[in-house]
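One gets my numbering by counting positions in the sequence shown from 1 and adding 382 to each. Even glycine gets a Cβ: it sits at the ideal position worked out from N, Cα and C. Working notes, beginning with the structure itself.
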Amino acid sequence: MRVIVVLACALAFTALPSMAKQALNVEITPLIGYRFGGDFDTSKDKVHNRIELNEAISYGLLTAWSFDRKRQGELLISHYSTNFSHSDDFSASNSGLGITYAHIGGNVPISEGPIPFYVTGGFGFTHLDPKDAQLSSETRFSINVGLASKIELSERLSLRLDSRVYGTFFNSDSAVFCDEAICGIYISSDIWFQTEVSVGLTYRF
383 MRVIVVLACA LAFTALPSMA KQALNVEITP LIGYRFGGDF DTSKDKVHNR
433 IELNEAISYG LLTAWSFDRK RQGELLISHY STNFSHSDDF SASNSGLGIT
483 YAHIGGNVPI SEGPIPFYVT GGFGFTHLDP KDAQLSSETR FSINVGLASK
533 IELSERLSLR LDSRVYGTFF NSDSAVFCDE AICGIYISSD IWFQTEVSVG
583 LTYRF
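Right under this line is the structure:
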């Protein structure tokens, strides 16, 4: 786990200095994907029920710019709307939940050829926005690490394939979205994970 955190931060900090330079080969990629994972607990007890999140389609926008001949900086916004699963120990008048990631980072090539592959990563914030009026939103520090590929279609267009693991940091055994005295949603670990696979059409300026 420590390796993942270090890799994500290293990629992000590598990208930051390039923002002060003139942007070269700026790329804009609208993304559509599929996100899954991210369970919660109904109590801090060892025996408890799980509150799962439904898998759903995600939408995002990735902006990339040249850092040098090979590396790029990246700014990623990715959002999806999901629902809490039903649990005997938890109920909400509105089970909807919106989750948005806003990350800055970068990518580094690990292979070349007609279909190159890149290691991607970054850090930023996760915003969790439950739709139930009795639950409050949460904004937490998070990171991501992934693998991407780009297939050139023309001089300016390419097809991007992307997979990422997001890790959002919480205090272990803490209540989420509400006061602990009345809460029915908990996190049992320090890092809360979700996985996303996506595809997008990249336009290069």
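Collapsed DSSP secondary structure at Ile567 in the structure displayed:
For the purposes of this step, residue 567 is taken as the residue at position 185 of the sequence shown. In this structure, Ile567 counts as coil in the three-state DSSP scheme.
Worksheet item: Do you know how far the Cα of Ile486 is from the Cα of Asn526?
Response: Translated into positions along the sequence shown, residue 526 becomes position 144. Translated into positions along the sequence shown, residue 486 becomes position 104. Spanning the two alpha carbons is a distance of roughly 10 Å.
| task | Please list, in chain order, all residues of the same chain as Leu458 whose beta carbon is under 6 Å from its beta carbon, the five residues on each side excluded. | result | Here residue 458 refers to the residue found at position 76 when the sequence shown is read from its first residue. Hits under 6 Å: Leu444 and His485.
Worksheet item: Hey, how far is the Cα of Trp574 from the Cα of Gly480?
Response: Within the sequence shown, the letter at position 192 stands for residue 574. Within the sequence shown, the letter at position 98 stands for residue 480. Those two C-alpha atoms are separated by around 15 Å.
key: Presumed contact (8 Å Cβ cut-off) between Arg542 and Thr482, rounded CB distance   = Here residue 542 corresponds to residue number 160 of the sequence shown, with the count starting at 1. Here residue 482 corresponds to residue number 100 of the sequence shown, with the count starting at 1. Contact doesn't hold; Cβ gap of about 20 Å is too wide.
Rounded to the nearest angstrom, what separates Ser554 and Ser571 at their Cα positions? Against the sequence shown, residue 554 aligns to sequence position 172. Against the sequence shown, residue 571 aligns to sequence position 189. If you take the alpha carbons of Ser554 and Ser571, they lie about 5 Å apart.
Using only the heavy atoms of the ligand GDP, determine whether one of them is closer than 7 Å to the beta carbon of Gly419. In the structure shown, the ligand GDP is absent, as is every other ligand, since no ligand is present at all.
- Whole-number beta carbon distance between Pro512 and Phe559, since they are thought to touch under 8 Å: Taking the first residue of the sequence shown as 1, we reach residue 559 at position 177. Taking the first residue of the sequence shown as 1, we reach residue 512 at position 130. Confirmed, about 5 Å.
Q. Mapping DSSP to helix, strand and coil, what is Lys403?
A. Translated into the one-based positions of the sequence shown, residue 403 becomes position 21. Residue confidence for Lys403 is low, a pLDDT of 46 falling below 50, so the modelled location carries little weight and cannot support an answer.
| Where does Pro491 fall in DSSP's three states? | The sequence position of residue 491 within the sequence shown is 109, counting from 1. Looking at Pro491 - three-state DSSP - the assignment turns out to be strand.
Q.
So, at 8 Å on beta carbons, what are the nonlocal neighbours of Leu413 in its own chain, with the 5 sequence-adjacent residues on each side left out?
A. Taking the first residue of the sequence shown as 1, we reach residue 413 at position 31. For Leu413, where only same-chain residues beyond five positions count, the Cβ hits under 8 Å are Ser440, Tyr441, Gly442, Leu443, Leu444, Ser460, Arg542, Asp544, Ser580, Val581 and Gly582.
Margin query: For Gly506 and Phe449, which I take to be in contact (beta-carbon distance under 8 Å), what is that distance rounded to the nearest angstrom?
Written below: Position 124 of the sequence shown, counting from 1, holds the residue named residue 506. Position 67 of the sequence shown, counting from 1, holds the residue named residue 449. That pair is no contact at about 18 Å.
- What is the rounded straight-line gap between the Cα of Arg453 and the Cα of Ala530? Residue mapping note: residue 453 aligns to position 71 of the sequence shown, counting from 1. Residue mapping note: residue 530 aligns to position 148 of the sequence shown, counting from 1. Using only the alpha carbons, I get a separation of about 13 Å.
| query | Excluding five sequence neighbours on each side, which residues of the same chain lie with their C-beta closer than 6 Å to the C-beta of Ile492? | reply | On the sequence shown, position 110 is the one that residue 492 refers to. Around Ile492: Phe499 and Val501.
Taking the CB atoms as reference points, tell me whether Gln576 and Gly419 lie closer together than 8 Å.
-> Stepping through the sequence shown from its first residue, residue 576 is reached at position 194. Stepping through the sequence shown from its first residue, residue 419 is reached at position 37. Yes.
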